[in-house]
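K.L.:
Would you mind keeping the following structure in view while I ask a few things?
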Amino acid sequence: MNQPQTQIVNGSQTVNQPQTQIVNGSQTVNQPQPQIVNGSQTVNQPQPQPQTVTVTVTRSPAMEQPAPVSAAPAPATPPPLGEHLRSPELRAAMLVQQEALQGARDYLRGQGFTELLPPLVGPVTDPGGRGAKALDVDYYGHPYKLMTSAILYKQASLRGFPRLFYIAPNVRVEPEETATTGRHLVEFHQIDVEIADAGREEAQEIAAGLLTHVTEHVWTTIPEILTGLGRMEADFADIRAGKYDVRTHDEAVTRLQSLGHPQNPDGEIDWAGERILSLESDRPFFVDDYPKGSRGFYDREDPERPGVLRNFDLIAPHGYGELVSGSEREADYATLVTRMRESGENPAKYAWYLKEAREGIPSSAGFGMGLQRLVRFLTGFDALWQVSAYPKLPGVVTP
Numbered sequence: 147m148n149q150p151q152t153q154i155v156n157g158s159q160t161v162n163q164p165q166t167q168i169v170n171g172s173q174t175v176n177q178p179q180p181q182i183v184n185g186s187q188t189v190n191q192p193q194p195q196p197q198t199v200t201v202t203v204t205r206s207p208a209m210e211q212p213a214p215v216s217a218a219p220a221p222a223t224p225p226p227l228g229e230h231l232r233s234p235e236l237r238a239a240m241l242v243q244q245e246a247l248q249g250a251r252d253y254l255r256g257q258g259f260t261e262l263l264p265p266l267v268g269p270v271t272d273p274g275g276r277g278a279k280a281l282d283v284d285y286y287g288h289p290y291k292l293m294t295s296a297i298l299y300k301q302a303s304l305r306g307f308p309r310l311f312y313i314a315p316n317v318r319v320e321p322e323e324t325a326t327t328g329r330h331l332v333e334f335h336q337i338d339v340e341i342a343d344a345g346r347e348e349a350q351e352i353a354a355g356l357l358t359h360v361t362e363h364v365w366t367t368i369p370e371i372l373t374g375l376g377r378m379e380a381d382f383a384d385i386r387a388g389k390y391d392v393r394t395h396d397e398a399v400t401r402l403q404s405l406g407h408p409q410n411p412d413g414e415i416d417w418a419g420e421r422i423l424s425l426e427s428d429r430p431f432f433v434d435d436y437p438k439g440s441r442g443f444y445d446r447e448d449p450e451r452p453g454v455l456r457n458f459d460l461i462a463p464h465g466y467g468e469l470v471s472g473s474e475r476e477a478d479y480a481t482l483v484t485r486m487r488e489s490g491e492n493p494a495k496y497a498w499y500l501k502e503a504r505e506g507i508p509s510s511a512g513f514g515m516g517l518q519r520l521v522r523f524l525t526g527f528d529a530l531w532q533v534s535a536y537p538k539l540p541g542v543v544t545p
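Spelled out as structure tokens, the structure:
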């Protein structure tokens, strides 16, 4: 199958390809899906029902005034499970989730991706970050882990499935203090995507196109559910038109420090800082170029800028925070071993994965989009437990 190729351009040009564009400037696109370009260009492609939109991405500081979050504050913990399952709020959220999954599958299959069912246990999993831990499983006398993320399996699958995605269940034992953030669950799902022979820009285009398509699909199919939850269609106009901002990690840190927030310049944007940036934005935005050491060993270091990773987050506006995290992947065997050791990981634990790398894992880029975070953003609820049928909060023992 011939797949559409990403093009990054300084200046302007004409491209015939089914890709959305993220631009410093503006352009015309025949479908609301973003591509990242310095300059402007016209994209012409045949579509069954073409729609002309203007795509504008601005690399600039966030807006001065925070936009309000529409959802009322949620209780700190869920009600008893039976009561929760009978609530009209959960039913509305599950109807939105159902359509979001339908829209995601339609979009990704339309872009040439194959859906695989992910593994649930394995000898190793994503080593995680920010204090999250994996649960141990006794697998016939062998110490296995429940998947916190199937990212290593995505990479290993690329030789047979160069464009793949999962709807992946994950289990992460988050620190107990995250129970009150509204953004963490122990059990959650991701729309996990991986693209062989792709760079960061193509992964960002797919991530932005996915969010745009899902948002359009949900507003088109069940607008009465969203309006019944108090959501305003105008608040999603930029996303439906394919408008996304871009900034670097350094720019985000500078902005937060200018607001008096003590953001560590060598780490991930912390949860409080992420919320500040999200609240003062009216459209989703990418944060690129996290520093080495702030993310996993599989995030590729920029060969032209040592110490900078070729990765990104996609942050939702209005206080809803991170929806997507992704990167170019490191695929070189020797570099992976070095990066594992630098991050305190024992390469021997990753023997099966390193065997695949030695035999030749394709270079790739990919991302995970949090399903519950996506549904929370679409519905406007205050906490992730409100959009999960069987919520498990960190440190809270529930059925």
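In the numbering used here, the protein residues as written are 147 to 545. We treat Cβ as the ideally placed atom computed from N, Cα and C, and that holds for glycine. As the structure is a prediction and not an experimental result, all values here were calculated from the model.
Taking the C-alpha atoms as reference points, what is the distance between F382 and E468?
P.N.:
Using only the alpha carbons, I get a separation of about 16 Å.
K.L.:
Nearest to F307 by alpha carbon, out of G516, S509, S534?
P.N.:
Answer by Cα proximity: S509.
K.L.:
Taking F432 as the reference, give the member of F311, N457, V267 with the closest Cα.
P.N.:
Per the Cα distances, N457.
K.L.:
Decide if the segment 514 to 522 is in contact with the segment 488 to 500; the criterion is three or more beta carbon pairs, one per stretch, under 8 Å apart.
P.N.:
Flag = no, the segment 514 to 522 and the segment 488 to 500 do not touch.
K.L.:
Excluding the 5 residues flanking S440 on each side, which residues of the same chain have their C-beta closer than 6 Å to its C-beta?
P.N.:
Same-chain partners within the cutoff: G413, E414.
K.L.:
From which residue to which residue does the beta strand (DSSP E) around F311 run?
P.N.:
Counting along the chain, the beta strand (DSSP E) containing F311 begins and ends at 309 to 317.
K.L.:
Taking P430 as the reference, which of I368, A380, D391 has the closest Cα?
P.N.:
Checked all of I368, A380, D391; the closest Cα to P430 is D391.
K.L.:
Please classify M378 as buried or exposed, where buried requires at least 16 neighbouring CB atoms within 10 angstroms.
P.N.:
Classification for M378: exposed.
K.L.:
Out of curiosity, what's the CA-to-CA distance linking P221 and H330?
P.N.:
Whole-angstrom Cα-Cα distance: 14 Å.
K.L.:
Taking the beta carbon of Y536 as the centre, do at least 16 other beta carbons fall within 10 Å, making it buried, or is it exposed?
P.N.:
Y536 is exposed by the Cβ-count criterion.
K.L.:
For Y299, count neighbouring C-beta atoms within 10 Å of its own C-beta (all shown protein chains included) and say buried if the count is 16 or more, exposed if not.
P.N.:
Classification for Y299: buried.
K.L.:
Would you tell me roughly how many angstroms separate the C-alpha atoms of R305 and K538, rounded to the nearest one?
P.N.:
So the alpha carbons of these two residues sit roughly 36 Å apart.
K.L.:
Residue range of the alpha helix (DSSP H) that I385 falls in?
P.N.:
That run of the alpha helix (DSSP H) goes 383 to 386.
K.L.:
Measuring only the C-alpha atoms, how far is I371 from G514?
P.N.:
When rounded, the distance between both Cα atoms is 26 Å.
K.L.:
Spell out whether any CB of chain D is found under 8 Å from the CB atom of E474.
P.N.:
Note that chain D does not occur in the displayed structure, where there is just one protein chain.
K.L.:
According to DSSP, which residues form a beta bridge with L455?
P.N.:
Paired residue(s): E447.
K.L.:
Does Q518 come out as helix, strand or coil in the three-state DSSP assignment?
P.N.:
It is helical.
K.L.:
In this structure, what does DSSP give as the bridge partners for K438?
P.N.:
Per DSSP, none; premise fails for K438.
K.L.:
Please classify Y466 as buried or exposed, where buried requires at least 16 neighbouring CB atoms within 10 angstroms.
P.N.:
Buried.
K.L.:
Checking the sheet assignment: what are the DSSP bridge partners for Y290?
P.N.:
Note: Y290 sits in a beta bridge opposite V283.
K.L.:
For the segment 243 to 263 against the segment 350 to 357, are there 3 or more C-beta pairs whose distance is under 8 Å?
P.N.:
The answer is yes - the segment 350 to 357 touches the segment 243 to 263, with three or more Cβ pairs under 8 Å.
K.L.:
Ordered along the chain, which non-local residues of its own chain (more than five positions away) have a Cβ less than 7 Å from that of G249?
P.N.:
H359, V360, H363, V364.
K.L.:
Does DSSP put A246 in a helix, a strand or coil?
P.N.:
Helix, per DSSP.
K.L.:
Can you tell me where the alpha helix (DSSP H) with V339 in it begins and where it stops?
P.N.:
No alpha helix (DSSP H) holds V339; the beta strand (DSSP E) holding it covers 333 to 342.
K.L.:
Within the continuous beta strand (DSSP E) that includes G472, where are the two ends?
P.N.:
Note, G472: beta strand (DSSP E), 467 to 475.
K.L.:
I want to know whether the segment 335 to 344 touches the segment 310 to 321 - three or more CB-CB distances under 8 Å.
P.N.:
With the cut-off at 8 Å, the segment 335 to 344 and the segment 310 to 321 touch.
K.L.:
In its own chain, which residues sit with a C-beta less than 8 Å from the C-beta of L500, not counting the 5 before and 5 after it?
P.N.:
Hits under 8 Å: Y479, L482, V483, P493.
K.L.:
Measure the CB-CB distance between D384 and D428 and report whether it falls below 8 Å.
P.N.:
Yes, these two residues count as a Cβ contact at 8 Å.
K.L.:
Could you say which of A398, L227, R386, E333 lies nearest to K279 if we only look at CA atoms?
P.N.:
Considering only alpha carbons, the answer is E333.
K.L.:
In terms of alpha-carbon separation, which member of G345, R401, D343, N410 lies closest to E426?
P.N.:
Of G345, R401, D343, N410, the residue nearest in Cα terms is R401.
K.L.:
Which one or two residues does DSSP pair with E261 in a beta bridge?
P.N.:
E261 pairs with F311.
K.L.:
Any idea what DSSP makes of R305, helix, strand or coil?
P.N.:
Note: R305 maps to coil in three-state DSSP.
K.L.:
Excluding five sequence neighbours on each side, which residues of the same chain lie with their C-beta closer than 7 Å to the C-beta of R421?
P.N.:
Counting only Cβ-Cβ distances below 7 Å, and skipping sequence neighbours, we find G465, G467.
K.L.:
Mapping the DSSP letters down to three states, classify V533 as helix, strand or coil.
P.N.:
Looking at V533 - three-state DSSP - the assignment turns out to be helix.
K.L.:
Could you give the uninterrupted runs of the beta strand (DSSP E) lying entirely in the segment 410 to 435, keeping only those of 3 residues or more?
P.N.:
Runs of the beta strand (DSSP E) inside the segment 410 to 435: 431 to 434.
K.L.:
Please report the residue range of the beta strand (DSSP E) in which R393 lies.
P.N.:
R393 -> beta strand (DSSP E) spans 391 to 394.
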